[in-house]
Amino acid sequence: MRTSLLAAFAALALLASACDEDEAPAEPSESVDESPEGAEPHAGIDVDDPSVCAGCHAEVVREWRGSMHASAHHDADPIYGAMRTLRMGREGAELATKCANCHGPRDPANPDSAVARQGVSCATCHALEGVERGEGGRRRGAKALQWSPNGRLRGPHDVTSDAAPHPVGEAAPWITDGETLCLACHGEMTNAQGAPTCTTGTEHQAAAGDGTCTHCHMPEVAGPSGAVSTRGTHRSHAFLGPHTLWAEEPEPAFMASAVALEGTLEGEALELRITNQTQHAMPSGFPGRMVLVRARGLDAEGEVVWQNFTDAPMQQDPDAVLNKVYHDAEGQPILPPYGVELVRDTRLRPDETRTLRWTVPEGVQKVEVALIYRLLPPPAVEALGLEGRPEAGARPFASLTVER
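Okay, here's the thing in structure tokens:
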């Protein structure tokens, strides 16, 4: 089974500012005036207001409203907002525009405008005439997106000019290939010191499979996209990713599909095999994310008599922690934007199967294994002042029971 979690987190997570980008000094992409004859601007259609789009495309707008794309603004995403505040305090207010290239790409020069507050809105992806990332893919976000000059909206299908109250056109190849548009923000970045931070794009390129971003993060779901569609299915605009574990109604199935778990328990030997079924590293996206592999041994009465860690996994069982760690010039752990060196990267590579082994007491009759996701490690939670926030906690997403 092949599943990709490419994401934009994550999907998806949309923490480009926390990754920091060492971009080429490119100006924002200009509009490309290649509109079809007769496609004049429609004054009554505000392409930057998703509620207007909902009149015809209600289902995809409803899905989008629950996504991290809709919560990309710093006032809507507490982790991004806290990281942005910390970095602006250290680096200056000009950082706001840099962050907004991905977090408010329709108006990055005014990150608190009504348009920017829509985050990664309908128009961000559909009011385009092209995506140009430049040499080495160094243009990112708004700098790579070539806006339509007249509000022409395009998607994955050819649409005739008489089918909509706004300019339309042929299918957009940067959408139909399932990744070009995504990688404009979810590609790869280094921090100011040259250390690699967000690397989902390069991880994806190294994968052996042919799955795209949209294959997993925008799966086909039942029903039309809205009142104007005659198709029986559409691609979900919920932009699935790790944040689904923190939703009001958590849905772990998507994240659980990212891995396959197998285990054996013979004598005192416990063996667990974890296979990454995604087309990028696990976890991916913002480099502070981590996955803990927790194992608890139960005796015949169901009492826990052994566990691989209690409250300090990095000290008690570092092999059971899938994460990145950055150090400063003095060799001390530091937040990714300020690291001079990536000193640890134990994440699962695409398609990798890793075996973890433990010695357990003979009285253990079965072992309960859980994979637990954290959007931030505890030290970063404290540094960003996010103690007590739901996003600061841990969420299980995959499990396995191994019996003798």
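My numbering puts the first residue of the sequence shown at 5, with every later residue one more than the last.
The beta carbon of each residue, even a glycine, is placed where N, CA and C say it ideally should be.
The structure presented is a predicted model; accordingly, all values stated were derived computationally and were not measured.
Spanning the alpha carbons of Met286 and Val295 requires a straight line of approximately 8 Å.
By the beta-carbon neighbour count (other beta carbons within 10 angstroms, threshold 16), Pro317 is buried. About 4 Å separates the CB atoms of Ala402 and Leu375; that is less than 8 Å, so the two are in contact.
Counting only the Cα atoms, Gly215 lies some 10 Å from His284. Between Gly301 and Val371, the CB-CB gap stays under 8 Å.
Distance from the Cα of Ala118 is smallest, within the candidate group Ala175, Ala167, Trp362 and Pro54, for Pro54.
Residue pairing for Gly267: DSSP places it in a beta bridge opposite Leu276. If you draw a straight line from the Cα of Thr314 to the Cα of His208, it is about 34 Å long.
For Gly205, the uninterrupted alpha helix (DSSP H) segment begins and ends at Thr204 to Ala210. The distance from the Cβ of Arg351 to that of Lys328 is about 7 Å, consistent with a contact at the 8 Å cut-off.
As a beta-bridge residue in DSSP terms, His238 pairs with Val225. With a minimum length of 3 residues, there is no unbroken run of beta strand (DSSP E) contained wholly in the segment 54-93. DSSP, reduced to helix, strand and coil, places Glu139 within a helical segment of the structure shown. If the five residues before and after Gly93 are omitted, its C-beta is found closer than 6 Å to no C-beta atom of its own chain.
Remark: C-beta atoms of Arg143 and Glu136 approach each other more closely than 8 Å.
The C-beta of Gly292 has 16 or more other C-beta atoms within 10 Å across all chains shown, which makes the residue buried. Bounds of any beta strand (DSSP E) do not take in Gln281, whose DSSP letter is neither H nor E. DSSP, read as helix, strand or coil, puts Pro153 in coil. For Glu386, the enclosing alpha helix (DSSP H) stretches over residues Pro382 to Ala387. Contact between the segment 234-244 and the segment 66-74 is present: 3 or more CB-CB pairs across the two stretches fall below 8 Å. The C-beta distance from Ala127 to Asp79 rounds to 19 Å, too long to fall under 8 Å, and the pair is not in contact. The residue among Val373, Gln281 and Pro340 with its C-alpha nearest the C-alpha of Gly267 is Val373. Scanning the segment 316-363 from its first residue to its last, the whole beta strand (DSSP E) runs of 3-plus residues come out as 328-331, 345-349 and 357-363.
Selection Met72, Ile49, Thr201 and Thr237 evaluated against Glu345 yields Thr201 as nearest (Cα-Cα). Here Thr248 carries a helix assignment [DSSP, helix/strand/coil].
In the same chain as Ala384, and ignoring 5 residues on each side of it, the C-beta atoms closer than 7 Å to its own belong to Gly292 and Leu339, in chain order. Excluding the 5 residues flanking it on each side, Val163 has same chain C-beta neighbours closer than 6 Å at Val172, in chain order.
By alpha-carbon distance to Gly198, the top candidate from His130, Val263 and Tyr330 is Tyr330.
A contact is defined here as three or more CB-CB pairs under 8 Å, and the segment 271-281 meets this definition with respect to the segment 356-365. In this structure, DSSP gives Gly145 a helical state, which the three-state scheme calls helix.
Distances from the CA of Arg235 to each of Pro160, Thr204 and His221 were compared; the closest alpha carbon is that of Pro160.
Contact check for Ser229 and His61: beta-carbon distance about 6 Å, within the 8 Å limit, so the pair qualifies. Rounded to whole angstroms, the gap between the alpha carbons of His190 and Gly289 is 7 Å. According to DSSP, Met294 shares a beta bridge with Arg378.
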